[in-house]
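Engineer: When the count follows our numbering, it moves up by one through the sequence shown with no breaks and lands on 713 for the last residue.
Below is a structure I'd like to ask you about.
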Amino acid sequence: MDIVPGVQGVWVGWQRGATTGVLRAEVGVDKAGNHFIQTVPLALPVMTPPAFDGVGKRTRIHSTLQSMSFISTPAKDEAAAESVAAVLVYEDHVFTPPESIRRTRLETATFERRLIQLAPGFSEISGGDTELNSMWEWYAAPQSTNTVLSPVNTTIQALQPLHSIPPHSLALAVISSPDGTRARVHLDLAAKQWNPTGHHPIKGIRGDFPSLVVSQGAERGQLGLCAVVDQYRSHLGPVNKLDEQPLLGELPQSASDTEKYAACAATSIILAERQDTNWSDVIHALEAILPASSRGEFIPLVLQRIYDLAAKEIHIDQLHLVSRVQIALFSAFKDARLALATDIFRLNEASELVDRCATFQDDGSITFDLDSIWPLITVFDWAIGVIARAMREAILVGASAEWQGSDDSLMIDPCSPLLLLLHPILRSLVLRLLSQFHQLSIFLSTLERPILQPESKTLPASNTRDPMATVVAREQIRDIPLRQGVDVEQWGRALESLTTASEQKDIDKSLIELSLTPLQPQIPTLINILHTSSNLFTSEYFQLDASAGSSTSLAYDAIDWSVLQEHGHRDDDDGGDDDGEAGDKDKMTVVVCDRCGWRTEALTMSVPAASGIKTHETTISPWMEWKKQSEANCICGGTWVRKQVEIEY
Numbered sequence: 065m066d067i068v069p070g071v072q073g074v075w076v077g078w079q080r081g082a083t084t085g086v087l088r089a090e091v092g093v094d095k096a097g098n099h100f101i102q103t104v105p106l107a108l109p110v111m112t113p114p115a116f117d118g119v120g121k122r123t124r125i126h127s128t129l130q131s132m133s134f135i136s137t138p139a140k141d142e143a144a145a146e147s148v149a150a151v152l153v154y155e156d157h158v159f160t161p162p163e164s165i166r167r168t169r170l171e172t173a174t175f176e177r178r179l180i181q182l183a184p185g186f187s188e189i190s191g192g193d194t195e196l197n198s199m200w201e202w203y204a205a206p207q208s209t210n211t212v213l214s215p216v217n218t219t220i221q222a223l224q225p226l227h228s229i230p231p232h233s234l235a236l237a238v239i240s241s242p243d244g245t246r247a248r249v250h251l252d253l254a255a256k257q258w259n260p261t262g263h264h265p266i267k268g269i270r271g272d273f274p275s276l277v278v279s280q281g282a283e284r285g286q287l288g289l290c291a292v293v294d295q296y297r298s299h300l301g302p303v304n305k306l307d308e309q310p311l312l313g314e315l316p317q318s319a320s321d322t323e324k325y326a327a328c329a330a331t332s333i334i335l336a337e338r339q340d341t342n343w344s345d346v347i348h349a350l351e352a353i354l355p356a357s358s359r360g361e362f363i364p365l366v367l368q369r370i371y372d373l374a375a376k377e378i379h380i381d382q383l384h385l386v387s388r389v390q391i392a393l394f395s396a397f398k399d400a401r402l403a404l405a406t407d408i409f410r411l412n413e414a415s416e417l418v419d420r421c422a423t424f425q426d427d428g429s430i431t432f433d434l435d436s437i438w439p440l441i442t443v444f445d446w447a448i449g450v451i452a453r454a455m456r457e458a459i460l461v462g463a464s465a466e467w468q469g470s471d472d473s474l475m476i477d478p479c480s481p482l483l484l485l486l487h488p489i490l491r492s493l494v495l496r497l498l499s500q501f502h503q504l505s506i507f508l509s510t511l512e513r514p515i516l517q518p519e520s521k522t523l524p525a526s527n528t529r530d531p532m533a534t535v536v537a538r539e540q541i542r543d544i545p546l547r548q549g550v551d552v553e554q555w556g557r558a559l560e561s562l563t564t565a566s567e568q569k570d571i572d573k574s575l576i577e578l579s580l581t582p583l584q585p586q587i588p589t590l591i592n593i594l595h596t597s598s599n600l601f602t603s604e605y606f607q608l609d610a611s612a613g614s615s616t617s618l619a620y621d622a623i624d625w626s627v628l629q630e631h632g633h634r635d636d637d638d639g640g641d642d643d644g645e646a647g648d649k650d651k652m653t654v655v656v657c658d659r660c661g662w663r664t665e666a667l668t669m670s671v672p673a674a675s676g677i678k679t680h681e682t683t684i685s686p687w688m689e690w691k692k693q694s695e696a697n698c699i700c701g702g703t704w705v706r707k708q709v710e711i712e713y
């Protein structure tokens with residue numbers, strides 16, 4: 065069953081015993097508003113297989129119909145309004161002692177929608193009120209319009225049409241060669257001769273009836289994945305971009321292989337973003353085809369192209385997309401910048417979440433959804449903590465420069481969180497979060513209405529609002545900057561007054577590579593406006609981190625942003641076989657994101673979460689709407705997986 069691009073209706077091929085046919089179905093709404101389904105059965109022409117080379121014409125050929133695909137085809141003349149071709153894939157075999165020989169045969173049956181003239185008096189016998197002189201009808205060609213034969217003992221074992229790729233007649237196929245090997249190829253079903261391209265060997269598939277599953281990138285002829293699945297196992301492999309498919313952006317003729325890979329990956333990701341489709345297949349394909357020696361060169365190239373292409377897309381958030389791609393690449397290639405990229409992404413997501421829960425009134429005031437107050441408090445608890453770490457880093461760099469008497473000899477980690485304060489775009493994000501925190505604090509300080517009680521991991525969720533919850537929330541929001549040692553207003557003014565004279569290319573490079581190096585000359589400017597405060601180093605949370613050691617810090621839930629209780633450490637074997645002492649260790653199962661590595665307990669809770677007070681039958685709080693989305697997949701684009709960790713007592 066197929067939907068053919070440019071042609072209305074659904075095309076269905078069927079077989080019952082030795083009889084084969086085609087059915088065109090159309091679903092619509094008539095003038096009275098009633099839904100209808102209209103089917104048109106169409107007969108297939110008789111298709112006699114040609115004789116095998118070197119085999120007598122009287123030798124009986126046994127033919128088995130393997131599949132039927134529908135493609136659009138140009139009409140032969142102007143009288144045809146629409147034209148569709150059914151490509152029937154047969155496997156022919158004959159027995160020639162001491163063995164049988166086989167081949168694949170592609171037969172094309174053409175159907176055209178034509179205007180036919182009606183005989184006089186047809187209106188009278190039809191019972192209609194309107195005189196009919198002509199009508200549109202589907203016409204089947206009396207014989208096969210194209211026959212393609214494969215070489216002897218070369219057969220198609222699986223076929224997957226790719227209707228999204230012009231000229232809309234391409235397909236991925238698994239073919240078996242005379243030596244018994246199998247390969248994945250591209251086929252043009254409208255070609256006049258057998259001409260598969262892009263042979264990709266397949267190993268480990270033993271079944272006789274494999275099937276093909278293609279990812280979004282491969283489906284449109286771009287970089288992606290394809291799985292060959294039989295009844296025993298599956299084979300997953302990358303699919304390169306087809307040469308005929310265009311690239312987004314310019315690529316010089318002299319481009320290196322790494323630059324070409326970057327262009328292909330960026331194109332596939334942007335096309336997926338346009339359709340709001342998951343592009344994880346592109347990252348997995350890159351892991352398979354990209355040499356380890358070129359990954360350092362590849363990452364900035366592909367990020368730069370995505371950054372430039374996203375700037376031209378109206379419906380794509382540039383920072384949001386670049387951050388997600390950074391997380392995916394840094395995770396796949398084990399890059400140390402993963403933690404910083406994840407913090408930047410989640411800071412941006414936190415700010416967007418606050419905006420979703422806020423309402424901007426006509427008088428200029430800002431209110432917040434009452435059922436989202438406690439989740440927003442936990443969001444800000446994490447966000448202010450990240451910003452506080454960047455502020456501590458800035459103060460330490462300033463103290464180091466003062467001690468050394470020079471800024472030139474400073475040794476700063478290129479992926480330091482100081483980038484959050486120094487980079488103009490990220491500094492703007494920090495200022496926006498500080499402003500949002502200030503607005504929520506003002507809102508709660510004057511709020512006199514009850515709100516929901518905070519969610520609990522052990523108690524049933526509450527659907528009633530409690531005035532006492534408002535009082536406690538007011539105190540909690542006030543304590544967040546105190547626990548982190550952050551003076552929100554003072555730091556906000558200092559960062560707002562900071563102006564740098566960096567060139568745009570340095571600003572872009574710093575964001576793309578998540579490196580301080582391009583902005584290093586601007587560090588003295590930041591140090592000069594710092595709001596120094598010892599509270600940052602005597603705060604409650606800093607003391608907790610310091611007592612736990614520099615290798616660990618407070619962990620937060622990836623979904624509800626609450627602080628997690630550390631029960632153990634991460635098992636590097638992903639829960640695999642352990643050494644001889646494994647029997648003496650207790651383990652627990654946790655849920656983590658396979659991309660950013662954040663853990664969540666929200667998916668292991670047996671207690672249902674509160675959905676908020678429903679004002680309409682389908683209305684839930686903005687927070688619960690966001691939470692349900694993040695429960696399906698991690699907000700970074702990763703997948704929730706279960707892992708085992710060892711419990712430490």
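Note that beta-carbon positions come from the ideal geometry of N, C-alpha and C, so glycine has one too.
Remember, predicted model here, so these are calculated numbers, not experimental data.
(1) Are there 16 or more other CB atoms within 10 angstroms of the CB of residue 549, so buried, or fewer, so exposed?
(2) Looking at C-alpha atoms only, which residue of 652, 295, 373 and 250 is the closest neighbour of residue 314?
(3) For residue 398, tell me which candidate among 495, 347 and 461 has the shortest Cα-Cα distance.
(4) For residue 100, which of 108, 90 and 109 has the nearest alpha-carbon?
(5) Candidates 572, 588 and 591: which alpha carbon is nearest residue 582's?
(6) State buried or exposed for residue 273, treating a residue as buried only when at least 16 other CB atoms are found within 10 Å of its CB.
(7) Measure the alpha-carbon distance for residue 351 versus residue 345 and round it to whole angstroms.
(8) How big is the Cα-Cα spacing for residue 671 and residue 654?
(9) Is residue 651 helix, strand or coil by DSSP?
(10) Do residue 133 and residue 66 come within 8 Å of each other at the CB atom, strictly closer than that value?
(11) Which residue or residues does DSSP assign as beta-bridge partners of residue 132?
(12) Residue 342 to residue 370, Cα distance in whole Å?
(13) Pop quiz: residue 40 and residue 229 are said to be a contact at Cβ under 8 Å. What is the actual Cβ separation, rounded to whole angstroms?
(14) Indicate whether residue 579 and residue 488 have their beta-carbon atoms separated by less than 8 Å.
(15) Which whole-angstrom value describes the C-beta separation of residue 158 and residue 123, a residue pair presumed to lie in contact below a C-beta threshold of 8 Å?
(16) Once DSSP output is grouped into helix, strand and coil, what is the label at residue 498?
(17) Is it buried or exposed, residue 73, if we count other Cβ atoms within 10 angstroms and call 16 or more buried?
(18) Return the CA-CA distance between residue 268 and residue 332, expressed in angstroms with no decimal places.
(19) Tell me the DSSP secondary structure of residue 704 in three-state form.
(20) Would you mind reading off the limits of the alpha helix (DSSP H) that contains residue 418?
(21) Going along the chain, which residues of its own chain have a beta-carbon closer than 7 Å to the beta-carbon of residue 622, five neighbours each way excluded?
(22) Just checking my contact of residue 209 with residue 239 at CB under 8 Å: how many whole Å lie between their CB atoms?
(23) Could you tell me which whole alpha helix (DSSP H) segments of length 4 or greater appear in the segment 422–481?
(24) Just to confirm the assignment, what range does the alpha helix (DSSP H) spanning residue 100 have?
(25) Alpha carbon to alpha carbon, what distance is there between residue 516 and residue 528?
(26) Looking at the strands, I want to know which residues DSSP matches up with residue 360.
(27) Quick one: grab the DSSP three-state call for residue 68.
(28) Consult DSSP for residue 390 and reduce its assignment to one of helix, strand or coil.
(29) For residue 79, which three-state DSSP category applies?
(30) Once you ignore the five residues that flank residue 484 on each side, which residues in its own chain have a CB closer than 6 Å to its CB?
(31) From residue 120 to residue 321, what does the alpha carbon distance come to, in whole angstroms?
(32) Provide the residue(s) that pair with residue 252 in DSSP beta bridges, ordered along the chain.
(33) Could you give the residue range of the beta strand (DSSP E) that holds residue 290?
(34) Starting from residue 127, follow its DSSP beta bridges and name the residues at the other end.
(35) Considering just the uninterrupted stretch of the alpha helix (DSSP H) at residue 348, what are its terminal residues?
Structural biologist: So, from the data block:
(1) buried
(2) 373
(3) 347
(4) 90
(5) 572
(6) exposed
(7) 10 Å
(8) Residue placement at residue 671 cannot be trusted, given a pLDDT of 44 that sits under 50; what the coordinates show is reported in the next sentence. So the alpha carbons of these two residues sit roughly 17 Å apart.
(9) strand
(10) yes
(11) 152
(12) 15 Å
(13) Residue 40 lies beyond the residue range present for the chain, which begins at 65 and ends at 713; the question has no answer from this structure.
(14) no
(15) 5 Å
(16) helix
(17) buried
(18) 28 Å
(19) strand
(20) 402–421
(21) 657, 662, 663, 664 and 698
(22) Not a contact, Cβ separation roughly 23 Å.
(23) 437–468
(24) Note, residue 100: premise wrong, no alpha helix (DSSP H); beta strand (DSSP E) at 99–107.
(25) 6 Å
(26) Beta-bridge pairing links residue 360 to no other residue.
(27) coil
(28) helix
(29) strand
(30) 454, 490 and 494
(31) 51 Å
(32) 234
(33) 288–293
(34) 156
(35) 344–353
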